[in-house]
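Residue numbers (this note's numbering), protein chains in the order written: chain A, 421 to 536; chain B, 13 to 125.
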């Protein structure tokens, strides 16, 4: 079965410093992986997605993630944090084709705080 | 503009009452989903529908019901059987098949008073 683990529940950075949000996944086959962002009391917005094309995926707002099959990781990075990046981030994996449904499986989320 | 509309944004329910959360999409997507979000829990799947007139239970379906009579609409009813309904509810849709991306509504916050 598919699963996803976000290794940090809370990450704090200073504005202008790099961001690293860590995610490991478990999958019996090559999955589709996503990062979503959620600002308080809002819906979720897709940051980027990996669907078996290039392993380095570039997303919106300067974020990128690298799919590493050998490490079963899909960490999210950004070279320089901005105050507006403060939000909750979810690492997400697609369910297997033979599982009932096509819905996504979410990690528990990482809250990113950015200080000035 | 295409998107997913959830209403109401805030909803209060007395214990023992059923309430219905609305979800409408104009993206022409076949698949729709309901998720529940609790602090520190991520999102958990309640129900999903891959096509009109068909829906399936997700991971936490007890105490909830849905219908899918139209492609555009996927309402969720929180019944009195749901013991802890206070949560943030998110509706999503996708093109269908092997999912590649889901689009989310802005959510409904349900509080039991």
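Note that beta-carbon positions come from the ideal geometry of N, C-alpha and C, so glycine has one too. None of the values given here were measured: they were computed from a predicted structure.
- In this structure, A:501 is the residue among A:501, A:527 and A:528 with its C-alpha nearest to the C-alpha of residue 432 of chain A.
- By the 16-neighbour rule on beta-carbons within 10 angstroms, residue 33 of chain B is buried.
- Contact between residue 99 of chain B and residue 45 of chain B is absent: CB atoms are separated by about 15 Å, not below the 8 Å threshold.
- Here residue 22 of chain B is bridged, per DSSP, to B:121.
- For residue 59 of chain B, the uninterrupted beta strand (DSSP E) segment begins and ends at 54-63.
- Between the region 74-88 of chain B and the region 19-35 of chain B, the count of C-beta pairs closer than 8 Å reaches three or more; the two stretches touch.
- One finds 52, 53 and 54 in chain B with Cβ atoms closer than 8 Å to the Cβ of residue 528 of chain A, taken in chain order.
- Look at the region 462-490 of chain A: the residues with a C-beta under 9 Å from a C-beta of chain B are 462, 463, 464, 465, 466, 469 and 471.
- With its beta carbon less than 7 Å from one in chain B, residue 524 of chain A belongs to the interface.
- Contacts between residue 45 of chain B and chain A, judged by CB atoms closer than 7 Å, involve 523 in chain order.
- Secondary structure at residue 66 of chain B: strand, using DSSP grouped into helix, strand and coil.
- Under DSSP, residue 44 of chain B takes part in a beta bridge, and its partners are B:61 and B:105.
- Within the same chain, Cβ atoms closer than 6 Å to the Cβ of residue 50 of chain B are found at 99, the five residues on either side in sequence being excluded.
- Contact annotation: the region 457-469 of chain A touches the region 492-509 of chain A, with at least three C-beta pairs closer than 8 Å.
- Distance from the Cα of residue 487 of chain A is smallest, within the candidate group A:474, A:499, A:481 and A:467, for A:474.
- Contact of residue 117 of chain B with chain A by beta-carbon distance below 8 Å involves 463.
- Between the alpha carbons of residue 469 of chain A and residue 527 of chain A lies a distance of about 15 Å.
- Using beta-carbon distances, residue 57 of chain B counts as an interface residue toward chain A, with a partner under 7 Å.
- Annotation: the continuous beta strand (DSSP E) that includes residue 508 of chain A extends over 507-514.
- Setting aside the 5 residues that flank it on each side, residue 14 of chain B is surrounded in the same chain by 38 and 39, each with a C-beta closer than 6 Å to its C-beta; the list follows chain order.
- Between the alpha carbons of residue 30 of chain B and residue 22 of chain B lies a distance of about 15 Å.
- A distance below 7 Å between beta-carbons, with the five flanking residues on each side excluded, links residue 472 of chain A to the following residues of its chain, in chain order: 450.
- Closer than 7 Å to the CB of residue 99 of chain B there is not a single CB belonging to chain A.
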